[in-house]
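J.: Before I ask anything, let me first share the structure, which is written out below as structure tokens.
Numbering (the UniProt record's numbering), first residue to last: 1 to 175.
Rendered as structure tokens:
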């Protein structure tokens with residue numbers, strides 16, 4: 001399509017920085033994982049049942065809002081670095097590193113474990129790519145810091161629903 005205002009001119013941008021293929025791939029992975037978290041959060045929100053339903057239902061809204069906001073922030077950062085994000089459903093389904101969320105109703109205790117696993121999965125993606133991203137673009141790494149901090153806070157708060165004081169620990173903690 002030609003530019004109707006300037007049909008004979010070619011626009012040439014001179015950005016100070018553009019992403020490498022590795023940085024682009026890392027951000028694409030985080031983007032699809034955040035989109036998948038958003039979708040899983042809505043699936044859980046609509047289908048959770050059982051004890052403490054209302055509290056978990058509302059917490060899931062927080063997860064959805066955070067995932068949606070972060071996916072938009074990552075995608076807009078990608079565009080600022082001249083990378084084209086791919087958030088199409090087929091790309092998300094093919095590229096996400098998160099395990100699938102089940103169809104149908106899910107009891108609150110199971111939902112807590114499933115959504116906590118998904119949140120920690122996205123956090124793990126952000127942590128895995130962090131050092132490479134930071135080495136190439138510290139500004140983008142700052143976004144990852146915020147993502148990690150908020151998602152891990154949400155995971156801790158939701159996971160606490162299934163914990164027993166002084167008797168249960170997250171799987172990653174060994175005594």
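We put the beta carbon where it would ideally sit given N, CA and C, even for glycine.
Just how far apart, CA to CA, sit residue 117 and residue 41?
T.: Cα to Cα, the separation comes out at about 12 Å.
J.: Tell me, to the nearest whole angstrom, how far the beta carbon of residue 161 is from that of residue 92; I am working on the premise that it is less than 8 Å.
T.: Incorrect: roughly 27 Å between the Cβ atoms, too far for contact.
J.: Pull up the distance between the alpha-carbon of residue 81 and that of residue 165, whole angstroms please.
T.: Roughly 46 Å between the two C-alpha positions.
J.: Which residue's Cα is closest to the Cα of residue 27: 12, 155, 122, 158?
T.: The shortest Cα separation from residue 27 among 12, 155, 122, 158 belongs to 122.
J.: With respect to the alpha helix (DSSP H) encompassing residue 76, which residues constitute its N-terminal and C-terminal limits?
T.: That run of the alpha helix (DSSP H) goes 53–80.
J.: Name the one or two DSSP bridge partners that residue 106 has.
T.: Residue 106 is bridged to 48.
J.: Going straight from the alpha carbon of residue 114 to that of residue 101, what length do you get?
T.: Computed Cα separation, rounded: 7 Å.
J.: To which residues of the same chain is residue 56 closer than 6 Å at the C-beta, ignoring the five residues directly before and after it?
T.: These residues qualify, in order along the chain: 48, 108.
J.: Exposed or buried, residue 105, counting other C-beta atoms within 10 Å across all chains shown (16 or more means buried)?
T.: Label assigned to residue 105: exposed.
J.: What separation, rounded to the nearest whole angstrom, lies between the Cα atoms of residue 133 and residue 89?
T.: Using only the alpha carbons, I get a separation of about 25 Å.
J.: By Cβ distance below 6 Å, which residues in the same chain neighbour residue 175 in space, the five residues on each side in sequence not counted?
T.: Low per-residue confidence applies at residue 175: pLDDT is 42, beneath 50, and the placement is therefore not dependable, though the value from the model is reported in the following sentence. Counting only Cβ-Cβ distances below 6 Å, and skipping sequence neighbours, we find nothing.
J.: What does the alpha-carbon distance come out to for the pair residue 76 and residue 46?
T.: In a straight line, the C-alpha of residue 76 is about 28 Å away from that of residue 46.
J.: Once DSSP output is grouped into helix, strand and coil, what is the label at residue 9?
T.: Three-state DSSP puts residue 9 in coil, outside helix and strand.
J.: When the Cβ atoms of the segment 53–69 are set against those of the segment 142–155, are three or more pairs found closer than 8 Å?
T.: Judged by Cβ distances under 8 Å, the segment 53–69 makes contact with the segment 142–155, as three or more pairs qualify.
J.: For a test of the three-state rule: what should DSSP assign to residue 167, helix, strand or coil?
T.: Three-state result, residue 167: coil.
J.: Is DSSP giving residue 160 helix, strand or coil here?
T.: Note: residue 160 maps to coil in three-state DSSP.
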